Amino acid sequence: MKQHYQRIWQTVQAIPYGKIASYGQIADLAGLPGRARLVGKALGFVPEQMVVPWYRVLRSNGQIAFPSGSAHSTLQTGLLQEEGVVVLNNRVKLRDFQWQPSLDEMLFTLQY
DNA sequence: CCCCTGACTATTC
DNA sequence: TGAATAGCCAGGG
1133 MKQHYQRIWQ TVQAIPYGKI ASYGQIADLA GLPGRARLVG KALGFVPEQM VVPWYRVLRS
1193 NGQIAFPSGS AHSTLQTGLL QEEGVVVLNN RVKLRDFQWQ PSLDEMLFTL QY
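In this text, residue positions in the first sequence follow our numbering: the first is 1133, and each later residue adds one.
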């Protein structure tokens, strides 16, 4: 379990600047297929010192997981837009911004 | 063991 | 697009 969190944080760190990934996508890359919800949970427990771009993780349809207008959603939107990611109505166009990991990027996430 | 709660998803209409 | 619906799975009571 805690080992899983480590893998998840590490995988999220592999998302490139200006790109986004879905919870399920991160779960798959972290070797935890079917555990998208666990990814969300892990992101809620990121250690303070560790820098993890949690805001680059969205739902499978491109929506921000937090309710539109909430403080979290607003913060996430701001951080994404700083990186050039366009956010409209609490949602991002996956076709334009979803991360498509190359083979070596995927292999990298396999490191323990 | 049962029940409930999520930073979730795929499917269907 | 949006909304309802069924699964899903780790954690905690």
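Quick reminder that beta carbons are idealized off the backbone N, C-alpha and C, glycines included. Source: prediction; values computed, not measured.
Asked	Found
Host alpha helix (DSSP H) of Met1182 (start-end)	Here Met1182 belongs to no alpha helix (DSSP H), and DSSP marks it neither H nor E.
Within the segment 1158 to 1202, ranges of the alpha helix (DSSP H) (whole runs, at least 4 residues)	1168 to 1175
Three-pair Cβ contact test at 8 Å for the segment 1177 to 1189 versus the segment 1139 to 1154	yes
Buried versus exposed, by CB contacts within 10 Å (16 or more), Phe1229	buried
Limits of the unbroken alpha helix (DSSP H) element including Glu1237	Leu1235 to Leu1242
Test item: CB-CB of Ser1205 and Asn1222 under 8 Å	yes
Rounded distance between the beta-carbons of Met1182 and Trp1231, thought under 8 Å	With a Cβ gap of about 20 Å, Trp1231 and Met1182 do not count as contacting.
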